[in-house]
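There are 2 protein chains.
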Amino acid sequence: MISKNKIKFIRSLEQKKFRKENGVFLAEGNKLVSDLSNFFKCRILVATQQWMDTNKDIIADEKIYVEKDELSRASLLKTPQDVLAVFEIPSYTLSMDCPKNELCLALDDVQDPGNLGTIIRIADWFGIKNIYCSHGTADAFSPKTVQATMGALARVKLHYCNIKELISSLNDVPVFGTFLDGDNIYNNTLSSNGLIVMGNEGNGISKEVSELINRRILIPNYPQGNETTDSLNVAVATAIVCSEFRRRQL
Amino acid sequence: MISKNKIKFIRSLEQKKFRKENGVFLAEGNKLVSDLSNFFKCRILVATQQWMDTNKDIIADEKIYVEKDELSRASLLKTPQDVLAVFEIPSYTLSMDCPKNELCLALDDVQDPGNLGTIIRIADWFGIKNIYCSHGTADAFSPKTVQATMGALARVKLHYCNIKELISSLNDVPVFGTFLDGDNIYNNTLSSNGLIVMGNEGNGISKEVSELINRRILIPNYPQGNETTDSLNVAVATAIVCSEFRRRQL
Chain A
23 MISKNKIKFI
33 RSLEQKKFRK
43 ENGVFLAEGN
53 KLVSDLSNFF
63 KCRILVATQQ
73 WMDTNKDIIA
83 DEKIYVEKDE
93 LSRASLLKTP
103 QDVLAVFEIP
113 SYTLSMDCPK
123 NELCLALDDV
133 QDPGNLGTII
143 RIADWFGIKN
153 IYCSHGTADA
163 FSPKTVQATM
173 GALARVKLHY
183 CNIKELISSL
193 NDVPVFGTFL
203 DGDNIYNNTL
213 SSNGLIVMGN
223 EGNGISKEVS
233 ELINRRILIP
243 NYPQGNETTD
253 SLNVAVATAI
263 VCSEFRRRQL
Chain B
23 MISKNKIKFI
33 RSLEQKKFRK
43 ENGVFLAEGN
53 KLVSDLSNFF
63 KCRILVATQQ
73 WMDTNKDIIA
83 DEKIYVEKDE
93 LSRASLLKTP
103 QDVLAVFEIP
113 SYTLSMDCPK
123 NELCLALDDV
133 QDPGNLGTII
143 RIADWFGIKN
153 IYCSHGTADA
163 FSPKTVQATM
173 GALARVKLHY
183 CNIKELISSL
193 NDVPVFGTFL
203 DGDNIYNNTL
213 SSNGLIVMGN
223 EGNGISKEVS
233 ELINRRILIP
243 NYPQGNETTD
253 SLNVAVATAI
263 VCSEFRRRQL
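Line by line, the protein sequences are chains A and B.
Here the working numbering is used: position 186 in the first sequence is 208, and no number is missing along the way.
Here the working numbering is used: position 242 in the second sequence is 264, and no number is missing along the way.
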């Protein structure tokens with residue numbers, strides 16, 4: 023049985039304001055909740071008796087047993103599953119130094135929560151552990167992003183900061199960005215450290231950040247010069263770029 | 023001024039049944055409508071006076087001038103733009119031979135309309151002109167897919183057919199598919215013709231189609247063997263595979 027107030031609280035987590043105020047985020051679904059529970063502190067676990075029975079080892083401050091239709095009322099999904107959970111948002115220490123030693127991503131106002139979630143999942147696949155996000159980038163802990171990450175959120179750290187200041191602080195570190203007049207990525211010298219900057223869905227990388235990028239690259243279309251789609255989706259471009267970086271290292 | 027009946031008709035095109043019955047689909051937005059109008063016959067064009075004035079050369083059976091708030095009532099988008107259009111669904115002749123001479127994609131029950139749209143856009147970028155879709159794949163002319171293609175729908179042909187029969191008819195043509203136990207794509211011999219099969223979001227490539235795939239490939243994660251996301255989103259995987267095929271040909 024779940025109270026009306028609890029349902030209201032859970033549903034309020036769709037809004038950043040309430041997530042921030044309470045330092046928590048919402049995750050839904052059997053696999054996602056069970057994956058995240060290994061990494062994040064669970065405040066509230068709402069699930070059917072059957073789910074609780076088969077996932078006894080999950081620790082939560084509060085466990086609420088519900089019928090499926092009760093769960094639907096708390097859920098933000100169109101087709102709710104058997105469980106939802108409220109987790110604590112982790113606090114990371116912001117390190118500006120990571121790009122000196124490893125490959126990192128920087129997102130310059132990526133606005134779509136689904137794109138952000140997909141990018142976090144791509145980062146996880148390609149062993150990128152740190153993503154720097156401009157303050158205009160979507161919130162990594164919004165329900166849509168959390169769902170799209172498919173659990174990758176547990177292994178990738180997101181740092182919201184000023185990208186321009188970040189790059190300015192990195193002396194002699196390669197900073198890559200994709201541009202339509204960049205150099206063919208396939209023939210370019212890539213590195214195993216540095217920063218890959220990806221831009222906004224509509225406007226690409228902002229002017230002030232562009233000026234600080236010292237390695238301008240391009241994903242060539244095929245055949246080159248053919249009339250085609252104007253650009254690739256930002257998550258798709260991120261995937262291709264990361265794949266090409268890691269291919270060189272394998 | 024737009025009639026209630028016309029609004030009802032336009033909004034009905036969200037459903038496949040009505041698209042099929044009328045042989046038309048809906049597209050919205052300034053750039054998309056103007057791009058598609060070069061390739062598809064426009065039945066109904068609904069736009070503001072200002073948009074019509076700056077896009078005089080677009081030919082349509084019927085042009086309806088509206089105020090922005092009227093357009094909102096016909097629109098399926100959250101934030102409607104200045105124009106929407108009803109286009110005829112093109113009819114292609116189904117050729118089973120294309121994979122013998124060029125690189126083609128086959129989608130085995132890709133269900134999400136957004137993923138399908140993104141895949142069409144990727145195909146366009148990488149010069150893949152034909153996509154074979156199983157009957158369980160999302161409809162390429164659903165509004166969500168059309169919007170996600172960003173105009174690529176004009177240059178890529180989609181053929182709905184039985185993928186198993188298609189592959190069976192292709193003698194000695196390389197048929198690629200991604201599998202978790204496949205061979206590292208980066209070290210594999212790829213070809214400039216053949217079929218790349220991509221599977222369903224949850225279940226991957228179906229068993230009966232898997233059995234016909236003669237080139238099993240894998241997109242390796244990094245570092246290899248690391249704990250990571252279980253899989254990549256199907257559109258993301260399509261992008262990485264297509265990029266790697268085309269890289270070899272540049």
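Idealized CB from N, CA, C, for every residue including glycine.
Quick one, are the C-beta atoms of residue i and residue j less than 7 angstroms apart?
i      : j      : result
G173/A : D57/A  : yes
I142/A : L99/A  : no
V197/B : L217/B : yes
I235/B : I207/B : no
G139/B : T171/B : yes
A261/A : I189/B : no
I32/B  : A128/B : no
E50/B  : D134/B : no
V88/A  : I24/A  : yes
E110/B : F61/B  : no
G268/B : Y244/A : Note on residue identity: the sequence assigns Arg, not Gly, to residue 268/B. In this structure, Y244/A lies closer than 7 angstroms to R268/B by Cβ.
V195/A : P121/A : yes
Checking contacts by CB at 7 angstroms: is residue i closer than that to chain A?
i      : result
M172/B : yes
T140/B : yes
S265/B : yes
P245/B : yes
N248/B : yes
L254/B : yes
G221/B : no
F62/B  : no
F163/B : no
D104/B : no
Quick one, which of the options has its alpha-carbon nearest residue i's?
i      : options                        : result
V55/B  : D130/B, K30/B, T140/B, Q169/B  : Q169/B
N184/B : K151/B, L217/B, D130/B, Y208/B : D130/B
T200/A : L116/A, L212/A, D194/A, F40/A  : L212/A
K151/B : L48/B, T76/B, R33/B, C264/B    : C264/B
K90/A  : D205/A, K78/A, Q103/A          : Q103/A
D203/A : R237/A, L188/A, E223/A, K186/A : R237/A
T76/A  : T167/A, Q271/A, N52/A          : N52/A
N210/A : Y182/A, I241/A, V219/A         : I241/A
L93/B  : R268/B, L272/B, K30/B          : K30/B
K166/A : D194/A, H157/A, I153/A, N137/A : N137/A
L272/A : G247/B, T251/B, K229/B, S34/B  : G247/B
G226/A : D205/A, K78/A, V256/A          : V256/A
S228/A : K186/A, K42/A, D252/A          : K186/A
L48/B  : W73/B, K78/B, P112/B, M74/B    : P112/B
Comparing the C-beta of residue i with each C-beta of chain B, is any distance below 7 angstroms?
i      : result
T251/A : yes
D131/A : no
Y114/A : no
R95/A  : no
L202/A : no
R268/A : yes
I153/A : no
G158/A : no
A261/A : yes
F198/A : no
Report all residues from its chain with a CB closer than 6 angstroms to the CB of residue i; omit the five preceding and five following residues, and keep chain order.
i      : result
L67/B  : A82, K85, A107
H181/A : L116, Y154
D161/A : K38
S59/B  : I80
C64/A  : A82, A107, F109
On the criterion of 16 or more Cβ atoms from any shown chain inside 10 Å, does residue i qualify as buried, or is it exposed?
i      : result
L254/B : buried
G45/A  : exposed
S164/A : buried
K179/A : buried
D146/B : buried
L192/B : buried
D119/B : exposed
S156/B : buried
Y114/B : exposed
T101/A : exposed
G221/A : buried
E36/B  : exposed
E233/A : exposed
E266/A : buried
Excluding the 5 residues preceding and the 5 following residue i in the sequence, name in chain order all residues of the same chain whose CB lies nearer than 7 angstroms to its CB.
i      : result
N123/A : N215
R270/B : L212
A259/B : T200, M220, I241
T250/A : N243
Examine the ligand ZN and report whether any of its heavy atoms sits within less than 6 angstroms of the Cβ of residue i.
i      : result
N184/B : Among the components of this structure there are no ligands whatsoever, and the ligand ZN is therefore not found.
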